[in-house]
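What follows is a set of notes on a single structure, which appears directly below.
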Amino acid sequence: MNDLAHGVTVETEPPLEPVVDKAKILLVDDEPKSLFALQELLSTLGQNLMVAQSGEEALRLALRNDFAVILLDVRMPGIDGFETARLIRARDRSKSTPIIFLTAAADEMTSMFRGYEVGAVDYLMKPVVPEVLKSKVAVFVELFRKTERLRESEDKLRRLAAHLISIREEERAHIAREIHDELGQVLTGLKMEVTWLAKRLKDKPLIEKTDSMCLLIDSTIQTVRKIATGLRPEMLDDMGLVAAVGWQAKEFQKRTGIRCRAKLPAESRFDIDVSTTMFRIFQEILTNVARHSRATRVDIELALGEAEVSLEVVDNGVGIEDQELHAKKSLGLLGMQERALLFGGDVRITGSPGHGTRVSVNIPLRKSK
Amino acid sequence: MKVLIADDHPVVRQGLRQMLAVEQDLTVVGEARNGQEVVEISRRVPWEVAVLDYNMPGKNGLELIKELRQRYPGRAVLVLSMYPEDRYAVRALKAGAAGYLTKESAPEELVSAIRKVAGGGRYVTPTLGEKLALELEDNRGKPLHETLSDREYQVMWMIASGKTVRQIADELFLSPNTVSTHRTRILRKMNMKSNAELMHYAIAHHLVD
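Taken in sequence, the protein lines are chains A and B.
Using numbering that gives the first Met the number 0, the first residue of the first sequence is number 0, and each one after it goes up by one.
Using numbering that gives the first Met the number 0, the first residue of the second sequence is number 0, and each one after it goes up by one.
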């Protein structure tokens with residue numbers, strides 16, 4: 000307040016973030032002495048060491064943190080190490096967190112097996128050999144780091160893909176609108192002018208000229224419309240997904256001679272982005288059917304639930320090989336999956352050679368309109 | 000007859016004005032650039048026919064038609080749209096429009112449509128009329144092409160698209176003999192004698208482009 004009164008602003012530099020975040024390691028032992036020893040031993044790794052003196056405490060910490068590795072004493076009062084591990088693993092967030100059990104009882108071979116059953120990844124005998132412990136923990140820290148980095152770059156790629164998809168969609172809509180509205184309307188105006196002129200002409204060759212001009216303008220208008228609809232069907236915005244899917248199915252049948260049967264719900268309007276996503280996926284499915292399936296028939300079912308919209312497209316073609324499904328080059332399929340994922344949905348493709356292909360798409364409906 | 004012109008494009012409004020000016024019995028009493036203006040002008044000016052662009056900025060075309068119908072049941076709304084009628088006309092008519100024309104329509108057609116709807120009639124283009132008639136017919140019984148199997152339908156479509164037996168055989172990985180057999184069966188089922196008849200049927204029923 001004083002600073003403000005004197006017109007002075009104090010700016011504090013935010014503390015510099017470490018370039019690499021420290022990995023968290025949890026040490027669990029009921030004996031303070033052992034805990035202290037572990038801490039001393041691992042401090043040279045330069046990571047963030049957290050400690051717990053009981054199973055309960057360990058669980059609480061595991062709830063709020065992602066650990067690179069947990070060192071867990073087997074024998075503890077209350078919840079013992081095995082039970083603690085089981086509970087930690089039961090939670091989704093920590094179900095694959097590496098755990099190293101520390102056991103003092105050399106004869107507890109059976110306990111080791113029990114340990115593996117609850118999903119332990121390793122164990123060490125007490126008293127631990129410092130070098131062994133250090134190198135083991137270091138390996139897990141490194142693994143954790145790599146996984147984190149991988150997740151980050153996956154996340155980045157996904158965001159980039161999402162960005163590109165939405166940019167492309169916006170651009171298409173924009174261009175379609177410009178072409179349709181501006182070009183189309185000017186052509187309409189032009190045609191009216193030519194007709195006006197034609198009405199005043201008496202000369203037959205001249206009238207023939209204006210007639211052919213009109214025909215040219217008509218076919219240009221149709222081309223303009225075709226281009227605009229190809230970029231983004233205006234129906235999607237005017238009438239919604241249900242009408243657009245029905246129209247696209249008819250167009251597909253007309254264009255390919257593959258018979259389409261569409262089962263559609265009553266028309267209703269919902270989130271335009273979800274509609275666009277579903278529609279583009281639908282188009283991609285049909286493209287695949289036309290290109291690869293050799294089908295003679297496609298059955299389409301669009302359903303509108305309370306919380307989600309779902310689409311099922313079944314063809315009677317040659318079916319898809321698992322190999323093809325997982326081949327890196329099937330970018331079209333990957334694209335569909337990514338599009339659906341953007342809205343928390345999914346695309347499932349099933350089928351076997353000779354028995355057609357079934358594609359199921361589910362996308363949750365967003366609450367806001 | 001008092002006509003209101005509503006279109007957001009000056010070129011189109013100008014064209015319409017010129018076109019209607021020639022007609023003795025038609026007077027343009029107002030011009031609107033968007034749905035809001037249509038509503039405002041309607042309060043002041045008692046037009047008889049509105050020539051309405053389907054998608055102007057602001058209000059959705061269907062909503063505007065409904066609103067006008069509700070407020071002024073005695074007046075006629077004629078939709079003049081860039082959009083093809085097969086997708087939009089029926090909806091516009093259901094919403095209360097007296098007629099639907101695409102902007103490629105000949106000016107004479109527009110003028111006669113205005114006269115017709117002003118008298119309380121409805122106007123549909125011959126193409127739409129035919130389509131509606133076909134739909135009625137289809138509702139009475141199965142259309143002929145529905146009696147075909149999926150494969151036969153596909154072969155029929157290919158013939159109607161002008162493909163030869165050899166081309167069809169190549170594309171479908173079938174022998175020419177098989178394709179010929181399909182063709183014979185298709186013609187029999189559809190009660191036809193030639194490929195030309197098939198083509199004609201397919202075009203009339205919008206099975207091909």
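We put the beta carbon where it would ideally sit given N, CA and C, even for glycine.
- Message: I need the boundaries of the alpha helix (DSSP H) containing residue 191 of chain A, first residue and last residue.
- Response: Run containing residue 191 of chain A: 183-198, per the alpha helix (DSSP H) assignment.
- Task: Name the two residues that bound the continuous alpha helix (DSSP H) containing residue 155 of chain B.
- Result: Judged by DSSP secondary structure, residue 155 of chain B falls within the alpha helix (DSSP H) whose first and last residues are 149-159.
- Task: Quick one: using the 10 Å Cβ neighbour count with 16 as the cut-off for buried, is residue 75 of chain B buried or exposed?
- Result: In this structure residue 75 of chain B is buried. Its beta-carbon is surrounded by 16 or more other beta-carbon atoms within 10 angstroms.
- Grab me the residues of residue 29 of chain A's own chain with a C-beta within less than 7 angstroms of its C-beta, minus the 5 sequence neighbours each way, in chain order. Within the same chain, residue 29 of chain A has close Cβ partners 52, 53, 72, 75, 76.
- Query: Are the segment 62-73 of chain B and the segment 143-156 of chain A touching, with three or more C-beta to C-beta distances below 8 angstroms?
  - Reply: Using a C-beta cut-off of 8 angstroms, the segment 62-73 of chain B makes no contact with the segment 143-156 of chain A, since fewer than three inter-stretch Cβ pairs fall below that distance.
- Do three or more CB pairs link the segment 181-190 of chain B to the segment 114-134 of chain B at distances below 8 angstroms? They do not touch, by the three-pair rule.
- Complete beta strand (DSSP E) runs within the segment 59-139 of chain B (minimum length 3 residues, chain order): The segment 59-139 of chain B contains these whole beta strand (DSSP E) runs: 75-80, 98-101.
- Item | Short-range partners of chain B found in the segment 184-195 of chain A, where Cβ spacing is below 9 angstroms | Residues 184, 185, 186, 187, 188, 189, 190, 191, 192, 194, 195.
- Counting along the chain, where does the alpha helix (DSSP H) carrying residue 22 of chain A start and finish? Membership of residue 22 of chain A in any alpha helix (DSSP H) is not indicated, and neither H nor E is assigned to it by DSSP.
- What number of angstroms, rounded off, separates the C-alpha of residue 173 of chain B from the C-alpha of residue 166 of chain B? One C-alpha to the other measures close to 10 angstroms.
- Message: Please list, in chain order, the chain B residues whose beta carbon lies closer than 9 angstroms to that of residue 217 of chain A.
- Response: Simply 103.
- Query: Are there 16 or more other CB atoms within 10 angstroms of the CB of residue 252 of chain A, so buried, or fewer, so exposed?
  - Reply: Counting Cβ neighbours within 10 Å, residue 252 of chain A comes out buried, since at least 16 surround it.
- Contact check, residue 281 of chain A vs residue 244 of chain A under 8 angstroms by CB: the rounded distance? Indeed they touch by this definition, with Cβ atoms about 6 angstroms apart.
- Got a sec: is the Cβ-Cβ distance from residue 21 of chain B to anything in chain A below 8 angstroms? Taking 8 angstroms as the threshold, the shortest C-beta distance from residue 21 of chain B to chain A falls below it.
- Item | N-terminal and C-terminal residue of the beta strand (DSSP E) that residue 122 of chain A is part of | Per DSSP, the unbroken beta strand (DSSP E) holding residue 122 of chain A starts and ends at 121-124.
- Item | Cβ of residue 368 of chain A within 8 angstroms of any chain B Cβ | Only weak support is given to the placement of residue 368 of chain A: the predicted model assigns it a pLDDT of 42, under 50, and the question is left unresolved by the model.
- Query: Should residue 166 of chain A be flagged as near chain B, meaning a C-beta pair shorter than 8 angstroms?
  - Reply: Not one chain B Cβ lies under 8 angstroms of residue 166 of chain A.
- Task: Could you confirm whether any beta carbon from chain B is found closer than 8 angstroms to the beta carbon of residue 295 of chain A?
- Result: Chain B has a Cβ within less than 8 angstroms of the Cβ of residue 295 of chain A.
- For residue 344 of chain A, count neighbouring Cβ atoms within 10 angstroms of its own Cβ and tell me buried if that reaches 16, exposed if not. That one is buried.
- Query: In terms of DSSP beta bridges, what is residue 49 of chain A paired with?
  - Reply: In the DSSP assignment, the residues bridged to residue 49 of chain A are A:25.
- Do the segment 198-216 of chain A and the segment 159-168 of chain A make contact, defined as three or more Cβ pairs closer than 8 angstroms? By the criterion of at least three beta-carbon pairs nearer than 8 angstroms, the segment 198-216 of chain A is not in contact with the segment 159-168 of chain A.
- Cβ atoms of residue 185 of chain B and residue 129 of chain B: under 8 angstroms apart, would you say? With respect to the 8 angstroms criterion, residue 129 of chain B and residue 185 of chain B are not classified as neighbours on the basis of their beta carbons.
- Message: Within a Cβ cutoff of 8 angstroms, which residues of the same chain sit near residue 320 of chain A, ignoring the five residues on either side of it in sequence?
- Response: If we look at residue 320 of chain A and ignore the five residues flanking it on each side, its Cβ neighbours are 352.
- Same chain, Cβ closer than 7 angstroms to residue 160 of chain B, five either side skipped, listed in chain order: Correct list, in chain order: 207.
- Item | Beta-carbon proximity list for residue 181 of chain A, same chain, < 6 angstroms, skipping 5 on both sides | Cβ within range, chain order: n/a, list empty.
- Item | Residue nearest to residue 22 of chain A in terms of C-alpha spacing, selected from A:260, A:50, A:33, A:66 | Considering only alpha carbons, the answer is A:66.
- Item | Cβ of residue 178 of chain A within 8 angstroms of any chain B Cβ | Closer than 8 angstroms: no.
- Query: With a Cβ-Cβ cutoff of 8 angstroms, do residue 122 of chain B and residue 91 of chain B count as a contact?
  - Reply: No, they are not a contact pair.
- Message: Let me make sure I understand the geometry here. Which of B:153, B:33, B:43 has the alpha-carbon closest to that of residue 201 of chain B?
- Response: Comparing alpha-carbon positions, the option among B:153, B:33, B:43 lying closest to residue 201 of chain B turns out to be B:153.
- Mind pulling the chain A residues with CB within less than 7 angstroms of residue 206 of chain B? 253, listed in chain order.
- Task: Tell me the start and end of each unbroken alpha helix (DSSP H) in the segment 8-46 of chain B that is at least 4 residues and wholly inside, in chain order.
- Result: Taking 4 residues as the shortest admissible run, the segment 8-46 of chain B contains the following complete alpha helix (DSSP H) segments, listed from N- to C-terminal end: 9-20, 34-43.
- Task: Grab me the residues of residue 19 of chain B's own chain with a C-beta within less than 7 angstroms of its C-beta, minus the 5 sequence neighbours each way, in chain order.
- Result: Excluding residues within five positions, the ones whose Cβ falls inside 7 angstroms are 2, 25, 27.
- Message: Does the CB of residue 365 of chain A have a neighbour CB from chain B at under 8 angstroms?
- Response: Chain B, which has no Cβ nearer than 8 angstroms to the Cβ of residue 365 of chain A, makes this no.
- Residue burial classification, residue 35 of chain A (beta-carbon count within 10 angstroms, cutoff 16): In summary, residue 35 of chain A is exposed, with fewer than 16 beta-carbon neighbours lying within 10 Å of its beta-carbon over all protein chains present.
- Query: Who are the near neighbours of residue 41 of chain A in its chain, counting only those whose CB is closer than 8 angstroms to its CB and skipping five residues on each side?
  - Reply: Leaving aside the five residues that flank residue 41 of chain A on each side, the residues in its chain whose CB is nearer than 8 angstroms to its CB run, in chain order, 24, 26, 48, 132, 133, 136.
- Would you say residue 200 of chain B faces chain A, with C-beta separation under 8 angstroms as the test? It does not: the Cβ of residue 200 of chain B has no partner Cβ on chain A nearer than 8 angstroms.
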